[in-house]
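**Q** Can you keep this structure in mind? I'll have questions shortly.
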Amino acid sequence: MNVQRRLLPNTAALAAFEAVARLGSFTAAARELDLTQGAISRQIGLLEEQFGRRLFERDSRNVRLSTAGEIYAEAVRSALGQLRDAALGLMSNRHSGVLNLAILPTFGTRWLMPLIPDFVARHPDITINFATRIGRFDFARERLDAAIHHGMPDWPDADCTLLMRETVMPVASPEFLANRAIATPADISRLPLLHMATRPGAWSEWFEHQGLEAPTGPGMQFEQFGTVAQACMAGLGVALLPEILIAGELQRRQLVPAPGTPMQSRSAYYLVVPHDKRGHPPVASFRDWLLGQIGKEPAVLAW
Numbered sequence: 001m002n003v004q005r006r007l008l009p010n011t012a013a014l015a016a017f018e019a020v021a022r023l024g025s026f027t028a029a030a031r032e033l034d035l036t037q038g039a040i041s042r043q044i045g046l047l048e049e050q051f052g053r054r055l056f057e058r059d060s061r062n063v064r065l066s067t068a069g070e071i072y073a074e075a076v077r078s079a080l081g082q083l084r085d086a087a088l089g090l091m092s093n094r095h096s097g098v099l100n101l102a103i104l105p106t107f108g109t110r111w112l113m114p115l116i117p118d119f120v121a122r123h124p125d126i127t128i129n130f131a132t133r134i135g136r137f138d139f140a141r142e143r144l145d146a147a148i149h150h151g152m153p154d155w156p157d158a159d160c161t162l163l164m165r166e167t168v169m170p171v172a173s174p175e176f177l178a179n180r181a182i183a184t185p186a187d188i189s190r191l192p193l194l195h196m197a198t199r200p201g202a203w204s205e206w207f208e209h210q211g212l213e214a215p216t217g218p219g220m221q222f223e224q225f226g227t228v229a230q231a232c233m234a235g236l237g238v239a240l241l242p243e244i245l246i247a248g249e250l251q252r253r254q255l256v257p258a259p260g261t262p263m264q265s266r267s268a269y270y271l272v273v274p275h276d277k278r279g280h281p282p283v284a285s286f287r288d289w290l291l292g293q294i295g296k297e298p299a300v301l302a303w
C-alpha cells in the first residue's frame with residue numbers, strides 16, 4: 001500500500017471506529033450503524049492492520065481505546081464532522097456558505113430570533129446553524145465561526161465588536177412585593193435573592209451602586225435568565241435582570257420593578273469572531289446586518 005493510501009482510510013472504517021470509540025461497544029456501534037457486529041469488527045481490524053497500531057484494548061467483557069486510539073479518535077470526530085457539514089452544504093446548494101453561530105440562550109431566543117427572518121430574507125444563500133454556548137469555548141474545536149458573548153472584550157485571538165450594553169434592575173412578581181413591606185433598596189437585602197451562576201457578583205455590584213453593603217446570605221442559583229424570570233414570577237424571590245430580556249414580562253406586569261435604581265452592567269454584549277474567520281463572507285454579512293439592526297433600535301441600548 002502506498003503512503004498516500006495508507007494515510008487515507010475509507011470512511012466506512014472511520015465511521016465504525018468513531019462509533020465504537022464513542023459508545024464503548026461493538027454491539028452498540030453495530031446497532032447505530034445498522035451493521036452486524038462482525039462487520040464492525042472487520043472494519044476496526046482493517047484500520048489496525050493499515051496503521052500497524054492497536055486502536056482498542058479488548059477483553060472478554062469490555063472494549064476501550066488504547067492510548068494511540070484516544071489520540072486518533074479526537075481527530076476522526078473532527079474530520080467526520082467537517083465532512084458531514086460539507087456534504088450538508090453541498091446537498092442544500094448553499095452557494096454563499098454557512099455561518100455556525102454560538103448564541104446565549106435567553107438573548108438568542110428573546111432578542112435575536114425575532115430579527116433573524118430579516119437576515120434570511122436579505123441573505124437567502126447563507127444558512128445559519130445555531131449552537132447554545134455560555135462562556136468561552138474553543139472556536140476551532142467546536143467548529144463555530146462567531147459567537148454572541150456577554151462579558152468583556154478580552155477573548156483571546158478574536159475580534160470583539162460591541163453590540164450593546166445592558167441595564168439591569170431588581171424585579172419580582174407583583175404578589176411577592178405586595179405581601180411584603182418593601183419601600184427602599186435596603187429592604188431588598190432582607191428578601192430571598194435569586195442569582196445567576198454566570199454573574200456571581202451582580203448583586204454585590206448593584207447594592208454598591210445603591211450605596212449599600214451587600215448581604216452575605218446564600219440564595220438560589222440558576223444557569224439561564226429564562227429560568228430566573230420564571231422563578232421570579234412564581235414568587236421565589238427578587239432577581240437582578242437585564243431590561244432588554246424581560247421587556248414582555250414588564251409590559252404584562254408579570255414582573256414589576258423592586259425599589260432601587262437600575263444599573264448599567266460593567267460587561268456588555270459582543271459579537272466575537274476568531275481571527276481566522278475575519279474574511280469568511282457569511283461572518284462579514286452577519287456582522288454588518290446585526291450592527292444595522294442595533295442601529296434601528298436605539299431605545300434598547302444603554303450606552
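Its first residue numbered 1, the sequence shown is counted upward by one per residue in UniProt numbering. No residue lacks a Cβ here, since even glycine has one placed at the ideal position from N, Cα and C. Quick caveat, the model's predicted, so the values are computed rather than measured.
Out of curiosity, what's the CA-to-CA distance linking residue 58 and residue 132?
**A** 37 Å
**Q** Quick one: grab the DSSP three-state call for residue 169.
**A** strand
**Q** How would you call residue 154, buried or exposed, if buried means at least 16 neighbouring beta carbons within 10 angstroms?
**A** exposed
**Q** Expressed to the nearest angstrom, what Euclidean distance is found between the alpha-carbon atoms of residue 98 and residue 280?
**A** Whole-angstrom Cα-Cα distance: 9 Å.
**Q** Give the C-beta separation of residue 65 and residue 55 to the nearest angstrom, bearing in mind that I take them to be a contact with Cβ-Cβ under 8 Å.
**A** 7 Å
**Q** Give the straight-line distance between the Cα atoms of residue 253 and residue 233, rounded to the nearest whole angstrom.
**A** 10 Å
**Q** DSSP state of residue 53, grouped into three classes?
**A** In this structure, DSSP gives residue 53 a state outside helix and strand, which the three-state scheme calls coil.
**Q** Taking the runs of the beta strand (DSSP E) that are 3 residues or longer, which of them lie wholly in the UniProt domain "HTH lysR-type" (9 to 66)?
**A** 56 to 58, 63 to 65
**Q** Going by Cα to Cα distance, which pick from 39, 62, 70, 38 is closest to residue 53?
**A** Checking every option, the nearest Cα to that of residue 53 belongs to 70.
**Q** Give the range of the beta strand (DSSP E) segment to which residue 274 is assigned.
**A** 263 to 274
**Q** Which runs of the alpha helix (DSSP H) fall wholly inside the stretch 119 to 190 and span at least 4 residues, in chain order?
**A** 139 to 142, 174 to 178, 185 to 188
**Q** Helix or strand or just coil, what does DSSP make of residue 104?
**A** In the structure shown, residue 104 sits in coil (DSSP, three-state: anything other than H, G, I, E or B).
**Q** My assumption, with CB atoms under 8 Å, is that residue 171 sits in contact with residue 256. Please give the rounded CB distance.
**A** 7 Å
**Q** Tell me whether residue 196 sits in a helix, a strand or coil according to DSSP, three-state version.
**A** strand
**Q** Is residue 75 helix, strand or coil by DSSP?
**A** helix
**Q** When burial is assigned at 16 or more other CB atoms within 10 Å of the CB, is residue 228 buried or exposed?
**A** buried
**Q** I need the straight-line Cα distance from residue 86 to residue 103, nearest angstrom please.
**A** 22 Å
**Q** If you draw a straight line from the C-alpha of residue 34 to the C-alpha of residue 49, how long is it?
**A** 24 Å
**Q** Which same chain residues, not among the five before or five after residue 8, have their C-beta less than 8 Å away from its C-beta?
**A** none
**Q** Could you give the distance in angstroms between the alpha-carbon of residue 299 and the alpha-carbon of residue 274?
**A** The predicted position of residue 299 is uncertain, since its pLDDT is 30 and thus under 50; a value taken from the coordinates is nonetheless stated next. The alpha-carbon atoms of residue 299 and residue 274 are separated by roughly 30 Å.
**Q** Apply the 10 Å Cβ neighbour rule to residue 43 and answer buried if 16 or more other Cβ atoms are within range, or exposed otherwise.
**A** buried
**Q** To the nearest angstrom, how far is it from the Cα of residue 144 to the Cα of residue 136?
**A** 12 Å
**Q** Just checking, does the stretch 282 to 289 make contact with the stretch 200 to 218 on the three C-beta pairs under 8 Å criterion?
**A** no
**Q** Straight-line CA distance for residue 12 to residue 41?
**A** 12 Å
**Q** Apart from the five residues just before and just after residue 77, which ones in its own chain have a Cβ nearer than 7 Å to its Cβ?
**A** 18
**Q** Helix, strand or coil for residue 212, going by three-state DSSP, please let me know.
**A** coil
**Q** For residue 124, which residues from the same chain have a beta carbon less than 8 Å from its beta carbon, with the 5 sequence-adjacent residues on both sides left out?
**A** The beta carbon of residue 124 sits closer than 8 Å to no other beta carbon from its chain once the five residues preceding and following it are set aside.
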